[in-house]
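In the numbering used here, the protein residues as written are 5 to 247. Using N, Cα and C, we set each Cβ at its ideal position, and we do this for glycine too. Working notes, structure below.
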Amino acid sequence: MTQSQWSGGRSGLVWAVVGGVILVAGVVAIILLGLLPQSDTPATPSPTDSPTSTPAPPANLDAAVDPAVAERGWRPEPITTDAETYIRAALESASTFDTTKGTRDEWLSHLDTWFTPDTRYPEADQAARMKAAQLELRQAVVLPQQEWDSLAAEDGRVVATTNGDVTFVPVAEDSSGGMSIGTADVTLTFTRSDGSGGEGSYDETVRVSVQVLCGAGSVPTPDTAQQAGDCKVVRWFAESLEP
5 MTQSQWSGGR SGLVWAVVGG VILVAGVVAI ILLGLLPQSD TPATPSPTDS PTSTPAPPAN
65 LDAAVDPAVA ERGWRPEPIT TDAETYIRAA LESASTFDTT KGTRDEWLSH LDTWFTPDTR
125 YPEADQAARM KAAQLELRQA VVLPQQEWDS LAAEDGRVVA TTNGDVTFVP VAEDSSGGMS
185 IGTADVTLTF TRSDGSGGEG SYDETVRVSV QVLCGAGSVP TPDTAQQAGD CKVVRWFAES
245 LEP
């Protein structure tokens, strides 16, 4: 063997030994890395990651002054500052009742709690104006006593549903800007006993209006979650008011 051949062989042997040492060191490092405790910090997702959780729905979607009145066949008054939502409920409430679960006077007392004074008038006159609106409700808006009695004789009930768009009319002399008159079609579904253990139903559609106050000046129902500024009824009308 020549000196150059021996030198080349020794050089190859050295690099082989070095390579083996590096390989062993790499294996040891991998093993040690696996034994070390890992950080609890979660990895930051890349910008392309999409969220997998569903956002929670807004709270109090069905908030009402007294939800329990639904068990008596009445429409609960919503707690809201949205005029259209409240107007739809108010229009339905004036024709939703169950003669087997309450008297006409009890139902009307429930509707009385929807009222708030008309802030367009001096404070000294507001109570009288509200009483006049409540009297109009009894005499010209809701089902008359005679027809109630006829329906009650057949264990009748009525459910009102607002259909289509609500048409808004501005309120004259309203300096607050929170009053509005809403008009809409309402379907009344009458259900009566047929006298043989069954029931029969039929629909009637009427167009009705209500005036509400949503904002400063509205008086909440006492001892409830309703607050000043929430929508309240100023007046139910005996006929529809169109623009």
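Smallest Cα separation from residue i: which of the options?
i, options, result
"Arg161", "Ser197, Asp234 and Ser184", "Ser197"
"Leu217", "Ala68, Trp78, Arg79 and Ile83", "Ile83"
"Leu112", "Ile185, Gln130, Thr228 and Gln138", "Gln138"
"Val163", "Ala67, Val69, Ala68 and Glu75", "Glu75"
"Val223", "Trp78, Gln150, Asp70 and Thr123", "Thr123"
"Phe172", "Ile91, Gln143 and Asp129", "Ile91"
"Thr120", "Thr166, Asp234, Thr89 and Trp152", "Asp234"
"Gly221", "Tyr206, Leu95, Val238 and Asp227", "Val238"
"Glu246", "Pro174, Pro148 and His114", "Pro174"
"Tyr125", "Asp178, Leu155, Ser154 and Glu151", "Asp178"
"Thr165", "Thr89, Val73 and Ala72", "Thr89"
"Arg142", "Tyr206, Gly202 and Asp109", "Asp109"
"Thr103", "Gly168, Ala156 and Ser200", "Ala156"
"Gly106", "Thr85, Val73 and Gly168", "Val73"
"Glu203", "Pro71, Glu158 and Ala176", "Glu158"
"Ser244", "Val170, Ala176 and Asp227", "Val170"
Check the C-beta distance from residue i over to residue j and give it rounded, since I have them as a contact under 8 Å.
i, j, result
"Ala229", "Ala67", "7 Å"
"Ala87", "Gly186", "7 Å"
"Ser240", "Val145", "According to the sequence shown, residue 240 is Trp rather than Ser. About 5 Å separates the two Cβ atoms, so the contact holds."
"Thr195", "Val69", "Thr195 to Val69, Cβ: 26 Å. No contact."
"Glu81", "Ala242", "With 8 Å as the limit, Glu81 and Ala242 do not qualify as a contact, their Cβ atoms being about 21 Å apart."
"Leu95", "Val214", "6 Å"
"Lys236", "Trp118", "6 Å"
Helix, strand or coil for residue i per DSSP?
i, result
"Trp111", "helix"
"Asp198", "coil"
"Ser205", "strand"
"Asp116", "helix"
"Ala164", "strand"
"Leu147", "coil"
"Arg211", "strand"
"Asp153", "helix"
"Thr103", "coil"
"Thr225", "coil"
"Thr89", "helix"
"Ala33", "Caution is warranted here: a pLDDT of 39 is assigned to Ala33, below 50, making its placement in the model unreliable, and the coordinate value is therefore given only provisionally. The answer is helix: DSSP assigns Ala33 an H, G or I state."
"Gln138", "helix"
"Arg3", "There is simply no residue 3 to check, as the chain begins at 5 and stops at 247 in what is shown."
"Ser97", "helix"
"Ala176", "coil"
"Ala131", "helix"
Which residues does DSSP pair with residue i in a beta bridge?
i, result
"Leu217", "Met183 and Lys236"
"Ala68", "Pro82"
"Val190", "Thr166 and Val210"
"Thr171", "Thr187"
Stretch pair the segment 205 to 212 + the segment 180 to 192: three plus CB contacts closer than 8 Å: Because the criterion of three Cβ pairs below 8 Å is met, the segment 205 to 212 and the segment 180 to 192 touch.
Inspect the CB distances between the segment 98 to 109 and the segment 169 to 188 and report whether three or more fall short of 8 Å. no
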